[in-house]
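So the sequence shown is numbered by my numbering: it starts at 11 and just counts up by one. Ideal Cβ placement from N, Cα and C applies to all residues, glycine included. To start, the structure under review is shown below, and the notes come after it.
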Amino acid sequence: MPKQVFKNAAVDLGLFYSAAIWGSTFFIVKDTLNFISPTLLVGYRFTLAALILVIYLIIKRRNLFTNIKQGLFMGLFLWLLYITQTIGLKITSASNSGFITGLFVAFVPIFAFLMFKKRPTYFGLAAVGLSLIGLWLLSGGMKELNTGDILTLAAAMSYAIHILLADRYLKGGTNPYVLCFQQFAFVGIVSLLLGIFDSSTHIPHDNSAIWIIVFLAIFPTLSAFVIQLLAQRFVSPLRVSLIFAFEPVFAALFAWTLGGEVFRPERALGGLLIFIAMVVSGLERPEKSRGYT
Numbered sequence: 011m012p013k014q015v016f017k018n019a020a021v022d023l024g025l026f027y028s029a030a031i032w033g034s035t036f037f038i039v040k041d042t043l044n045f046i047s048p049t050l051l052v053g054y055r056f057t058l059a060a061l062i063l064v065i066y067l068i069i070k071r072r073n074l075f076t077n078i079k080q081g082l083f084m085g086l087f088l089w090l091l092y093i094t095q096t097i098g099l100k101i102t103s104a105s106n107s108g109f110i111t112g113l114f115v116a117f118v119p120i121f122a123f124l125m126f127k128k129r130p131t132y133f134g135l136a137a138v139g140l141s142l143i144g145l146w147l148l149s150g151g152m153k154e155l156n157t158g159d160i161l162t163l164a165a166a167m168s169y170a171i172h173i174l175l176a177d178r179y180l181k182g183g184t185n186p187y188v189l190c191f192q193q194f195a196f197v198g199i200v201s202l203l204l205g206i207f208d209s210s211t212h213i214p215h216d217n218s219a220i221w222i223i224v225f226l227a228i229f230p231t232l233s234a235f236v237i238q239l240l241a242q243r244f245v246s247p248l249r250v251s252l253i254f255a256f257e258p259v260f261a262a263l264f265a266w267t268l269g270g271e272v273f274r275p276e277r278a279l280g281g282l283l284i285f286i287a288m289v290v291s292g293l294e295r296p297e298k299s300r301g302y303t
């Protein structure tokens, strides 16, 4: 029992790390877009992450093309997530983007039922409801709808499907490192190819921009996604989504502490509700938790 408790804690901490690193680098990505186009930024960071990971896989003598269809399929939805969210953010407000992207928490149980006929439990539904209220308070709610909001909604759907596909493939025995490399390679190559036809594309020559790309490739890309896939072998997709809902919480914390933004009580309450939602999701009995929650 103590080993299982330690294992569960390690899995949750790993997912929290991924959410924290994604949330903490939001302002870095936003500033970097002043020096490089969104398409090339995505292409560089994922290609570099793939190159680093392939060295490890070659040393370990892993087959890079095993279950390649799974990796490409996951890569497609990961690419859709990053491209639609980035373009949408240029059109819509930051608050709309934060809330709509967070709707992936609700899409996870919806798509789990539509794709795999998995029904969420009452605890799962309650957790989703609490997290959505928390996201509303944290982001400041919705303003007027526009094209950017629709693109961001597509990003939220892609996010949910990516989590569910990872759950299905990893629990079916797919190697998480190989799967991660394959999706990185897909996102990187497709983005670089599209960058050729992007009129706003330019190659960064500033040393600081290059180091930022290296940082983004190693931490919020390579380490965060590898840890996500390693952790998803042992936890339900609903719990993954609820922990990842902390990404805007971490973004707000870093904005308050490092970005100089004003502390707002309602946003703190939103973060608290997301935390309560995560706790509620863990109340399901172990024998039931093997299913969906």
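Helix, strand or coil, according to DSSP, for Phe244 in the structure here?
Locating residue 244 in the sequence shown gives position 234, counting from the first residue. Three-state result, Phe244: coil.
Thr184, enclosing alpha helix (DSSP H) - first and last residue:
Working through the sequence shown from its first residue, we reach residue 184 at position 174. From DSSP, Thr184 is part of no alpha helix (DSSP H); its letter is neither H nor E.
Comparing alpha-carbon positions, which option in Ala122, Tyr187, Ile97 and Leu283 lies nearest Thr111?
Locating residue 111 in the sequence shown gives position 101, counting from the first residue. The option with the nearest alpha carbon to Thr111 is Ile97.
Hey, which unbroken runs of the beta strand (DSSP E) at 3 residues or more fall wholly within the segment 255-279?
none
Sequence-distant residues of the same chain with beta carbon closer than 7 Å to Ala166, five excluded per side
Residue 166 sits at position 156 when you count from the first residue of the sequence shown. Taken in chain order, the residues that qualify are Ile110, Thr111, Leu113, Phe114 and Phe117.
Do the segment 131-148 and the segment 177-193 touch if we need at least three Cβ pairs shorter than 8 Å?
no
Closer than 7 Å by C-beta to Phe260: which residues in its own chain qualify, once you throw out the five before and the five after it? Chain order, please.
Position 250 of the sequence shown holds residue 260. Cβ within range, chain order: Ala29, Ala30, Gly33 and Ser34.
Please state whether the Cβ-Cβ distance between Thr94 and Thr42 is less than 8 Å.
Locating residue 94 in the sequence shown gives position 84, where the first residue counts as 1. Locating residue 42 in the sequence shown gives position 32, where the first residue counts as 1. Cβ distance not < 8 Å, so Thr94 and Thr42 don't count as in contact.
Are three or more beta carbon pairs between the segment 247-259 and the segment 70-79 nearer than 8 Å?
no
Does Ser47 come out as helix, strand or coil in the three-state DSSP assignment?
What you label residue 47 is simply residue 37 of the sequence shown in a count that begins at 1. Here Ser47 sits in coil by DSSP.
In angstroms, rounded to a whole number, what distance separates the CA positions of Arg274 and Val39?
By 1-based counting over the sequence shown, the position of residue 274 is 264. By 1-based counting over the sequence shown, the position of residue 39 is 29. When rounded, the distance between both Cα atoms is 24 Å.
Tell me which residue opens and which closes the alpha helix (DSSP H) that Phe121 is part of.
Start at 1 with the first residue of the sequence shown, and residue 121 comes out as number 111. Looking at the DSSP string, the run of the alpha helix (DSSP H) that includes Phe121 is Phe114 to Phe126.
To the nearest angstrom, how far is the alpha carbon of Phe147 from that of Ala20?
Reading the sequence shown from its first residue, position 137 is the one you call residue 147. Reading the sequence shown from its first residue, position 10 is the one you call residue 20. A quick correction: the sequence has Leu, not Phe, at residue 147. Roughly 29 Å between the two C-alpha positions.
Taking just the CA atoms, how far does Gln193 sit from Ser299?
Taking the first residue of the sequence shown as 1, we reach residue 299 at position 289. Taking the first residue of the sequence shown as 1, we reach residue 193 at position 183. Confidence at Ser299 is low in this model, with a pLDDT of 41, below 50, so its placement is unreliable and the value that follows should be read with caution. In a straight line, the C-alpha of Ser299 is about 28 Å away from that of Gln193.
Can you tell me the Cα-Cα spacing of Ile160 and Lys100, whole angstroms?
By one-based count along the sequence shown, residue 160 stands at place 150. By one-based count along the sequence shown, residue 100 stands at place 90. The straight-line gap from Cα to Cα measures roughly 13 Å.
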